[in-house]
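Numbering (my numbering), first residue to last: 257 to 523. Ideal Cβ placement from N, Cα and C applies to all residues, glycine included. Below: one structure, written as structure tokens.
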Amino acid sequence: MSDSAPAPHVPTDTAALPHGAMPLLGFGTWQIKGHEAADATAVALQSGYRHLDTATVYGNEGEVGAGLERSGVARDDVFVTTKCPPNRADDAIGTLRRSLDLLGTDHVDLWLIHWPGGGSQVDLWRSFVEARELGLARDIGVSNFDVAALDEVTSATDVAPAVNQIEWSPLLFDAAVLDAHRERGIVLEGYSALRGGTLEHPAVVSVAERLGRTPAQVIVRWHLQHGVVVIPKSRQAERIRRNADVGDFELPADDMSALDALGGQQG
Ligand SMILES: NC(=O)c1ccc[n+]([C@@H]2O[C@H](COP(=O)([O-])OP(=O)(O)OC[C@H]3O[C@@H](n4cnc5c(N)ncnc54)[C@H](OP(=O)(O)O)[C@@H]3O)[C@@H](O)[C@H]2O)c1
Numbered sequence: 257m258s259d260s261a262p263a264p265h266v267p268t269d270t271a272a273l274p275h276g277a278m279p280l281l282g283f284g285t286w287q288i289k290g291h292e293a294a295d296a297t298a299v300a301l302q303s304g305y306r307h308l309d310t311a312t313v314y315g316n317e318g319e320v321g322a323g324l325e326r327s328g329v330a331r332d333d334v335f336v337t338t339k340c341p342p343n344r345a346d347d348a349i350g351t352l353r354r355s356l357d358l359l360g361t362d363h364v365d366l367w368l369i370h371w372p373g374g375g376s377q378v379d380l381w382r383s384f385v386e387a388r389e390l391g392l393a394r395d396i397g398v399s400n401f402d403v404a405a406l407d408e409v410t411s412a413t414d415v416a417p418a419v420n421q422i423e424w425s426p427l428l429f430d431a432a433v434l435d436a437h438r439e440r441g442i443v444l445e446g447y448s449a450l451r452g453g454t455l456e457h458p459a460v461v462s463v464a465e466r467l468g469r470t471p472a473q474v475i476v477r478w479h480l481q482h483g484v485v486v487i488p489k490s491r492q493a494e495r496i497r498r499n500a501d502v503g504d505f506e507l508p509a510d511d512m513s514a515l516d517a518l519g520g521q522q523g
């Protein structure tokens with residue numbers, strides 16, 4: 257990113273969690289490793305992102321932590337998420353402590369069960385509740401859970417996941433899924449929104465051209481206006497910056513409806 261690039265208009269919208277406020281825009285870090293992960297994390301924070309998404313299995317928590325430190329942005333001003341794979345259920349708290357060491361922090365803002373392993377996730381979820389009580393994670397949630405799995409862990413513990421991170425984009429839009437999360441007070445966080453042909457879809461391209469924006473900016477904006485968390489990933493500084501430069505425009509209601517309707521076309 258050149259020093260002369262205009263400052264992006266980064267949105268500051270948040271979703272309320274039981275114990276904090278989650279910025280609706282975050283920076284995804286899957287498949288960025290080594291020095292690239294530290295560089296991209298620092299660029300994202302210097303561009304105005306205030307939310308980072310990593311995971312034990314990404315193998316980059318150390319570099320994400322290094323990028324956070326190098327960025328000059330205070331740890332307390334950044335919402336940090338990491339995730340625990342279900343095969344670490346026997347030592348979940350130990351796994352989180354290793355994540356914290358790598359990230360260089362004494363707590364994460366959100367800790368997620370990365371995906372449901374075989375069988376019930378209730379025992380692992382109890383460890384998550386314990387981690388929250390220990391102050392190692394401000395909020396706790398899940399990823400790739402269906403509604404039945406959300407209800408199972410909630411009814412067993414009386415603690416609902418704060419967030420469910422699932423694959424989500426206009427092509428996957430399903431109002432019933434969004435409503436099911438809202439009814440339960442669970443924040444829907446989307447991932448891989450820019451993959452799967454979304455950026456090239458003619459309806460997305462047409463909205464982008466008419467508004468003078470990039471397809472990626474339209475997709476990010478669509479999430480924000482639904483109150484859904486979005487975590488675009490890029491290795492490229494200019495894309496990192498532009499993907500976040502969406503705080504100064506709105507999608508008209510007709511465009512929101514047209515993008516929502518793409519989900520219904522997936523059969
Ligand atoms: N919980 C889970 O199971 C799960 C699964 C998948 C992802 N995630 C999280 O969600 C984040 C986002 O998902 P994702 O990484 O799968 O995909 P994504 O952010 O939807 O898309 C990333 C891809 O789009 C490209 N890209 C980014 N900005 C672009 C732009 N403006 N124009 C054109 N191409 C662009 C990137 O290439 P360049 O890097 O070359 O720009 C990369 O190939 C992940 O990084 C991770 O944090 C979670």
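query, result
"Residue from G441, D395, T410 and G452 whose Cα sits closest to the Cα of E423", "G452"
"Three-way DSSP call (helix, strand, coil) for R394 in this model", "strand"
"Closer than 7 Å: H291 CB and nearest ligand 1 heavy atom", "no"
"Beta-bridge partners of H307, as assigned by DSSP", "F335"
"Other residues of its chain near T270: CB distance less than 7 Å, five sequence neighbours each side excluded", "A277, M278, P279 and L280"
"Contact test: P458 Cβ vs ligand 1 heavy atom, cutoff 7 Å", "no"
"CB of A537 within 8 Å of CB of S303, strictly", "Since the first residue shown for the chain is 257 and the last is 523, residue 537 is missing from the structure and cannot be characterised."
"3-residue-minimum beta strand (DSSP E) runs that sit fully inside the region 432-473, ordered along the chain", "443-447"
"Neighbourhood of ligand 1 [Cβ distance below 5 Å to any heavy atom], ordered by chain position", "G284, W286, D309, S399, Q421, Y447, S448, A449, L450, R451, A472, I487, P488, K489, S490, R491, Q492 and R495"
"Rounded C-alpha distance that separates L324 from I496", "15 Å"
"Cα-Cα separation between A412 and V378, rounded to whole angstroms", "7 Å"
"Nonlocal neighbours in the same chain, by C-beta distance under 7 Å from D309, ignoring five residues either side", "G282, F283, G284, T285, T337 and I487"
"I475 beta carbon less than 8 Å from that of A493", "no"
"Residue burial classification, Q521 (beta-carbon count within 10 angstroms, cutoff 16)", "exposed"
"Buried versus exposed, by CB contacts within 10 Å (16 or more), S258", "The pLDDT assigned to S258 is 48, lower than 50, so where the model puts this residue is not dependable; a value taken from the coordinates is nonetheless given after this. It counts as exposed."
"Complete runs of the alpha helix (DSSP H) confined to the region 257-284 [at least 4 residues]", "none"
"Under the three-state DSSP convention, the category N400 falls into", "coil"
"N- and C-terminal bounds of the alpha helix (DSSP H) containing N420", "Here N420 belongs to no alpha helix (DSSP H); instead the beta strand (DSSP E) covers V419 to E423."
"Cβ-Cβ distance between S376 and T312 below 8 Å", "no"
"Length-filtered (4 minimum) alpha helix (DSSP H) runs lying within the region 328-386", "348-359"
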